[in-house]
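A.B. asks:
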Amino acid sequence: MEAVWVFSAFFLGFLAQRLGLPPLVGYLGAGFGLSFLGVKTSPFLHQVAETGVLLLLYTVGLKLRVRSLLDRAVYGVGGLHLLFFFGLALLFLQVSPALALALGFSSTVLVVKILEDKRELLAFHGRLAVGILVLQDLVAVGLLSLTDRPPSPWALLLLLLPLLRPLVRYFLGKSGHEELLLLFGLAMAFLGAEAFRSVGLSPELGALAMGVLLADDERGSELGKLLWGIKEAFLVAFFLEVGLRQGLEGLSPALIGLGLLLLLPKGALFFALFLLFGLRARTAFLGSLYLTNYSEFALIVAAGLSQRGAIPEGLLPNLALLVALSMALSAPLARLGHGLYARLEPWLVRLERKERHPDEEPKSLGAADWLIVGMGRTGGAAYKFLERAGARPVGLDADPAKLERHRAKGRRVLYGDAEDPELWEQLRTEGLKGVILALPDLEAKLRAVQGLRRRGYRGLIAATSFHLEEDPVLEAAGADLLFHPFAEAGERLAERALEAIMGRYGRSQQVGPD
1 MEAVWVFSAF FLGFLAQRLG LPPLVGYLGA GFGLSFLGVK TSPFLHQVAE
51 TGVLLLLYTV GLKLRVRSLL DRAVYGVGGL HLLFFFGLAL LFLQVSPALA
101 LALGFSSTVL VVKILEDKRE LLAFHGRLAV GILVLQDLVA VGLLSLTDRP
151 PSPWALLLLL LPLLRPLVRY FLGKSGHEEL LLLFGLAMAF LGAEAFRSVG
201 LSPELGALAM GVLLADDERG SELGKLLWGI KEAFLVAFFL EVGLRQGLEG
251 LSPALIGLGL LLLLPKGALF FALFLLFGLR ARTAFLGSLY LTNYSEFALI
301 VAAGLSQRGA IPEGLLPNLA LLVALSMALS APLARLGHGL YARLEPWLVR
351 LERKERHPDE EPKSLGAADW LIVGMGRTGG AAYKFLERAG ARPVGLDADP
401 AKLERHRAKG RRVLYGDAED PELWEQLRTE GLKGVILALP DLEAKLRAVQ
451 GLRRRGYRGL IAATSFHLEE DPVLEAAGAD LLFHPFAEAG ERLAERALEA
501 IMGRYGRSQQ VGPD
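The opening position of the sequence shown corresponds to residue 1 in UniProt numbering, with each subsequent residue numbered one higher.
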């Protein structure tokens, strides 16, 4: 049966990708297709799916900054949205209050997966969305305690978890860089999940909390990269199980249709609240687009209510299909989010409040003569080299945490999202000798190159290229120089080795065979 699950997920995921849709739409389709053919889920598949979700939230915790949860836009928008949508769901769907509240949640698994795939998890709108999702998860824990068994009084001991931070970081630092580090990461994720489960709390929240313990450590990002492949493979089981769990019997098209229609006010409400809290139209649009779906938590709450007889059992397959369809609609829309905003921008920006926004982007680069977009390791090294060469570089990044680290080192860095067309429309580029795009995502590099050329910039544009098939696309857009980090790192290593040999033995030393 495992071969049937895996091949079905691969085939429909491959088909979805060829149609320009995210593969997870294919995984969802595979689950419902197999259910239609009479295939059922199993304890093994459920365990794999649960492990995938635990690892996903654990890796989110590794990147999460607790301060981002204290942003007034997070708790303000998140709290008000739950309150308003609770009333809408109660009025139109006429379900129990607990289920109406659960329908206000967005899918943590789906949203984080999309943000990771688009490499926007640490962008301003990505952090905002994740903060709201974590807030919703905390509310969900309280909701589950009402629909299921209440948490144990021993749960209060979990407040002491931060005291374990020095010990946990000691073992993290001594675990090397390979399989021992990976094992330590897995052990921490499962330990956190079981600790929370044992006191009646969500194991997913436990995995997230353990990740947060390691969030500020440099090795945390290394651990996240090691876990990436395992997490991605296990998450396929989650999307398969959504379709397999309830099947397609006893469906009510009217109820499902009404539930899908409610996604419109759900997204519009997020957009309006983001604007109300002073955010730019682009941040509000992308954040609301990613959050416009229903959460798998609604299924968990509904299952608990069904066991207690609070809702009819026939509601479960309808809810399962509603959640799955909301994911299938949300995923491709989120993928097209930047393009959709570019088309709607003239109308959406009129709705912004006339005040300084917390996600304001620069209009001038001052006296800088080089712009580096993307201040990760590659961008940071480029900045350092240019500074030593006497240039006046300025860095641009959408990750507030990276900006803080570089500012602490005395570097001039500004907030800006390379995929935002408004950034390139308003940014004055006169005086720039060159632009370096140290970005991992092809779409972000393309939008930056196209935006700069449309703006009239005629200077040098250099960009990283991680795959050979990216080269013609970037060159056609207007990039002048492409750098292949992995290939050229080897060439640079060989060059320095030859320099060392010549320095030691003199230039008469032969490099190759006679």
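Quick reminder that beta carbons are idealized off the backbone N, C-alpha and C, glycines included.
Relative to the alpha-carbon of Lys-445, which residue among Arg-458, Gly-456 and Phe-466 has its alpha-carbon at the smallest distance?
C.D. replies: Indexing the sequence shown from 1 puts residue 445 at position 445. Nearest C-alpha to Lys-445: Phe-466.
A.B. asks: Just confirm the distance between the C-beta atoms of Leu-415 and Pro-400, as a whole number of angstroms; I'd bet it's less than 8 Å.
C.D. replies: Position 415 of the sequence shown, counting from 1, holds the residue named residue 415. Position 400 of the sequence shown, counting from 1, holds the residue named residue 400. Rather than Leu, the amino acid found at residue 415 in this sequence is Tyr. Going by Cβ atoms, the distance from Tyr-415 to Pro-400 rounds to 7 Å, so yes, they are a contact pair.
A.B. asks: Could you spell out the range, first to last residue, of the beta strand (DSSP E) harbouring Tyr-415?
C.D. replies: Taking the first residue of the sequence shown as 1, we reach residue 415 at position 415. Residues 413-415.
A.B. asks: To the nearest angstrom, how far is the alpha carbon of Phe-14 from that of Gly-31?
C.D. replies: On the sequence shown, position 14 is the one that residue 14 refers to. On the sequence shown, position 31 is the one that residue 31 refers to. Straight-line Cα distance between these residues: approximately 15 Å.
A.B. asks: Per the contact definition of three or more C-beta pairs closer than 8 Å, is the stretch 450-460 in contact with the stretch 485-501?
C.D. replies: Flag = no, the stretch 485-501 and the stretch 450-460 do not touch.
A.B. asks: Taking Cβ to Cβ, would you say Asn-318 is nearer than 8 Å to Leu-251?
C.D. replies: In the sequence shown, residue 318 corresponds to position 318, counting from 1. In the sequence shown, residue 251 corresponds to position 251, counting from 1. Yes. Within cutoff.
A.B. asks: Just tell me which of Ala-129, His-484 and Thr-429 has its CA closest to the CA of Gly-459.
C.D. replies: Here residue 459 refers to the residue found at position 459 of the sequence shown. Nearest C-alpha to Gly-459: Thr-429.
A.B. asks: Alpha carbon to alpha carbon, how far is Val-112 from Phe-238? Give it in angstroms, no decimals.
C.D. replies: Position 238 of the sequence shown, counted from the start, is the residue given in the question as residue 238. Position 112 of the sequence shown, counted from the start, is the residue given in the question as residue 112. Near 14 Å, if we compare the C-alpha coordinates of Val-112 and Phe-238.
A.B. asks: Please list, in chain order, all residues of the same chain as Ser-175 whose beta carbon is under 6 Å from its beta carbon, the five residues on each side excluded.
C.D. replies: As a position in the sequence shown, residue 175 is number 175, starting the count at 1. Excluding positions up to five away in sequence, the list reads Leu-181 and Phe-184.
A.B. asks: Report the three-state DSSP secondary structure of Leu-371 (helix, strand or coil).
C.D. replies: By 1-based counting over the sequence shown, the position of residue 371 is 371. Reduced to three states, the DSSP call for Leu-371 is strand.
A.B. asks: Quick one: which unbroken beta strand (DSSP E) runs of 3-plus residues sit fully inside the UniProt domain "RCK N-terminal" (371-485)? Chain order, please.
C.D. replies: Runs of the beta strand (DSSP E) inside the UniProt domain "RCK N-terminal" (371-485): 393-397, 413-415, 434-437, 460-464 and 481-483.
A.B. asks: To the nearest angstrom, report how far apart Phe-11 and Gly-26 are at their CA atoms.
C.D. replies: Numbered from its first residue, the sequence shown carries residue 11 at position 11. Numbered from its first residue, the sequence shown carries residue 26 at position 26. Rounded to the nearest angstrom, the two C-alpha atoms are 8 Å apart.
A.B. asks: Indicate whether the contact test is met: 3 or more Cβ pairs, each with one atom in the stretch 204-218 and one in the stretch 44-64, closer than 8 Å.
C.D. replies: Enough Cβ pairs lie closer than 8 Å, so yes.
A.B. asks: Just mark Arg-282 as buried or exposed, buried being the case when its beta carbon has 16 or more other beta carbons within 10 Å.
C.D. replies: Taking the sequence shown and counting its residues from 1, the one referred to as residue 282 is at position 282. Flag for Arg-282 reads buried.
A.B. asks: In three-state DSSP terms, what is Ser-106?
C.D. replies: Here residue 106 is taken as the residue at index 106 of the sequence shown, counted from 1. DSSP places Ser-106 in coil when its eight states are reduced to three.
A.B. asks: What is the DSSP secondary structure of Asn-293, counted as helix, strand or coil?
C.D. replies: In the sequence shown, residue 293 corresponds to position 293, counting from 1. Coil, per DSSP.
A.B. asks: Taking three-plus beta-carbon pairs below 8 Å as touching, is the stretch 418-436 in contact with the stretch 366-384?
C.D. replies: The answer is yes - the stretch 366-384 touches the stretch 418-436, with three or more Cβ pairs under 8 Å.
A.B. asks: Can you tell me whether Trp-424 is buried or exposed, with buried defined as 16 or more other CB within 10 angstroms of its CB?
C.D. replies: Stepping through the sequence shown from its first residue, residue 424 is reached at position 424. Its Cβ being crowded by 16 or more others within 10 Å, Trp-424 is buried.
A.B. asks: Using the three-state DSSP reduction, which class does Phe-277 fall into: helix, strand or coil?
C.D. replies: Here residue 277 corresponds to residue number 277 of the sequence shown, with the count starting at 1. In the structure shown, Phe-277 sits in coil (DSSP, three-state: anything other than H, G, I, E or B).
A.B. asks: Can you tell me whether Asp-514 is buried or exposed, with buried defined as 16 or more other CB within 10 angstroms of its CB?
C.D. replies: Start at 1 with the first residue of the sequence shown, and residue 514 comes out as number 514. In this prediction, Asp-514 scores a pLDDT of 49, lower than 50, which makes its location untrustworthy; no coordinate-derived value is stated.
A.B. asks: Between the alpha carbons of Glu-218 and Leu-226, how many angstroms are there, rounded?
C.D. replies: Taking the first residue of the sequence shown as 1, we reach residue 218 at position 218. Taking the first residue of the sequence shown as 1, we reach residue 226 at position 226. About 14 Å.
A.B. asks: Would you kindly work out how many angstroms separate the C-alpha atoms of Ala-233 and Leu-24, rounded to a whole number?
C.D. replies: Here the question's residue 233 lines up with position 233 in the sequence shown. Here the question's residue 24 lines up with position 24 in the sequence shown. Whole-angstrom Cα-Cα distance: 11 Å.
A.B. asks: So Leu-110 packs on Ser-330, CB below 8 Å; how close in whole Å?
C.D. replies: The residue given as residue 110 occupies position 110 in the sequence shown. The residue given as residue 330 occupies position 330 in the sequence shown. Contact holds; Cβ gap of about 6 Å.
A.B. asks: Please classify Pro-153: is it buried, with 16 or more other beta-carbons within 10 angstroms of its beta-carbon, or exposed?
C.D. replies: Taking the sequence shown and counting its residues from 1, one reaches residue 153 at position 153. Pro-153 comes out exposed.
A.B. asks: Quick check on DSSP: helix, strand or coil for Leu-90?
C.D. replies: Numbered from 1 along the sequence shown, position 90 holds the residue referred to as residue 90. DSSP places Leu-90 in helix when its eight states are reduced to three.
A.B. asks: Decide if His-81 is buried, meaning its Cβ has at least 16 other Cβ atoms within 10 Å, or exposed.
C.D. replies: What you label residue 81 is simply residue 81 of the sequence shown in a count that begins at 1. It is buried - the Cβ of His-81 has at least 16 other Cβ atoms within 10 Å.
A.B. asks: Take Pro-120 as the anchor and find which of Ala-477, Gly-490, His-484 and Leu-442 has the nearest alpha-carbon.
C.D. replies: As a first step, residue 120 is located in the sequence shown; it is residue number 120 there, counting from the start. Sequence check: residue 120 is Glu here, not Pro. Considering only alpha carbons, the answer is Leu-442.
A.B. asks: Given a threshold of 16 other Cβ atoms within 10 Å of its Cβ, counted over all protein chains shown, does Ser-35 qualify as buried or as exposed?
C.D. replies: For the purposes of this step, residue 35 is taken as residue 35 along the sequence shown, with counting starting at 1. Looking at its Cβ environment, which holds 16 or more other Cβ atoms inside 10 Å, Ser-35 is buried.
A.B. asks: Residue range of the alpha helix (DSSP H) that Gly-192 falls in?
C.D. replies: In the sequence shown, counting from the first residue as 1, residue 192 sits at position 192. It spans 179-198 - the alpha helix (DSSP H) in which Gly-192 sits, taken as one unbroken run.
A.B. asks: Out of Pro-312, Phe-196, Arg-280 and Glu-387, point me to the one whose CA is closest to Leu-138's CA.
C.D. replies: Numbered from its first residue, the sequence shown carries residue 138 at position 138. Ranking the options by Cα distance to Leu-138, first place goes to Phe-196.
A.B. asks: Assuming Val-301 contacts Ala-98 under a Cβ cut-off of 8 Å, what Cβ separation, rounded to an integer in Å, is found between them?
C.D. replies: On the sequence shown, residue 301 is found 301 positions in, with the first residue counted as 1. On the sequence shown, residue 98 is found 98 positions in, with the first residue counted as 1. Correct: roughly 6 Å between the Cβ atoms.
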